[in-house]
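In what follows, a structure is listed as structure tokens, so that the remarks can point back to it.
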Amino acid sequence: MMKKPASQVTEADLQLLITNSVSERRNIDYKRDLPGTTDGDKKEFLADVSSFANAIGGFLIFGITETGGLPTAITGTKAVDLDREAQRIDNLLASGLQPRIRYELAWIKTVQGPVLLIEIDKSLVGPHRVILGDHGHFYARNSTGKYRLDVSDLRQAFGASARLLDRVRDFHADRLLRVARNEVPVPIC
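For the sequence shown, my numbering gives the first residue as 200, with consecutive numbering after it.
Following this line, the structure appears as structure tokens:
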């Protein structure tokens, strides 16, 4: 979608999403309004965020209207105190997901008002679940949006996470062995 960090996205970049009809998909979702303060609103937001982390990562953009998955206008959010709103969202993400995820939150100034862009990294330690209140579900994304993981999906997700950690450990051990044997591209003195 965007080939720059969230903190460098501009209003012009957002306008290009509309001009180029970049539809909602596995790695992008448009929302007109910021997450509300009811438990239901918070759970819905956490489900959206965790679905990105459990899939391929992506962008959640607040302050853009959409019709049929296509962005139609930059509306901005009604946020007044951006720092306070960012803190509220940070706190919600820290307390509402397990394990925690990696993300970047950025406010984009537009003529219509501030737009919130949350870039969520694909997780290497998933799957992540929503733990707010009595909610304990896992979510992922496909081309049509988020869905709740079933037992089979969960087995696969936990297995993939374990295999990745094993591959990282094996790679590390192999590299240490090669260094010890001086089998490196540049000799170590």
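Glycine included, every Cβ here is placed at the ideal spot set by N, Cα and C.
Sequence-distant residues of its chain with Cβ nearer than 6 Å to residue i (five each side left out)
i       : result
Asp-320 : Gly-256, Arg-301
Ser-342 : Arg-224, Arg-225
Phe-244 : Pro-234
Residue range of the beta strand (DSSP E) that includes residue i
i       : result
Arg-347 : 344 to 347
Ala-339 : 338 to 341
Ile-319 : 314 to 319
Leu-304 : 302 to 307
Residue i to residue j span [Cα, whole Å]
i       : j       : result
Ile-317 : Phe-370 : 32 Å
His-327 : Leu-304 : 19 Å
Gln-214 : Gly-312 : 14 Å
Pro-204 : Ile-227 : 14 Å
Lys-230 : Leu-323 : 26 Å
Gly-335 : Gly-325 : 14 Å
Pro-298 : Ile-263 : 29 Å
Val-248 : Ile-307 : 19 Å
Thr-309 : Thr-274 : 9 Å
Neighbourhood of residue i by C-beta distance below 7 Å, restricted to the same chain and skipping five residues each side
i       : result
Ser-220 : Leu-269
Leu-233 : Phe-261, Thr-276, Ala-278, Glu-284, Leu-315
Glu-265 : Glu-223, Tyr-229, Thr-271
One or two residues paired with residue i in a DSSP bridge
i       : result
Asp-228 : Leu-259
Thr-266 : Leu-269
Arg-328 : Gln-297, Phe-337
Boundaries (first-last residue) of the alpha helix (DSSP H) holding residue i
i       : result
Leu-292 : 281 to 295
Leu-245 : 238 to 253
Residues near residue i in its chain [Cβ-Cβ closer than 8 Å; skip 5 each side]
i       : result
Val-383 : Arg-377
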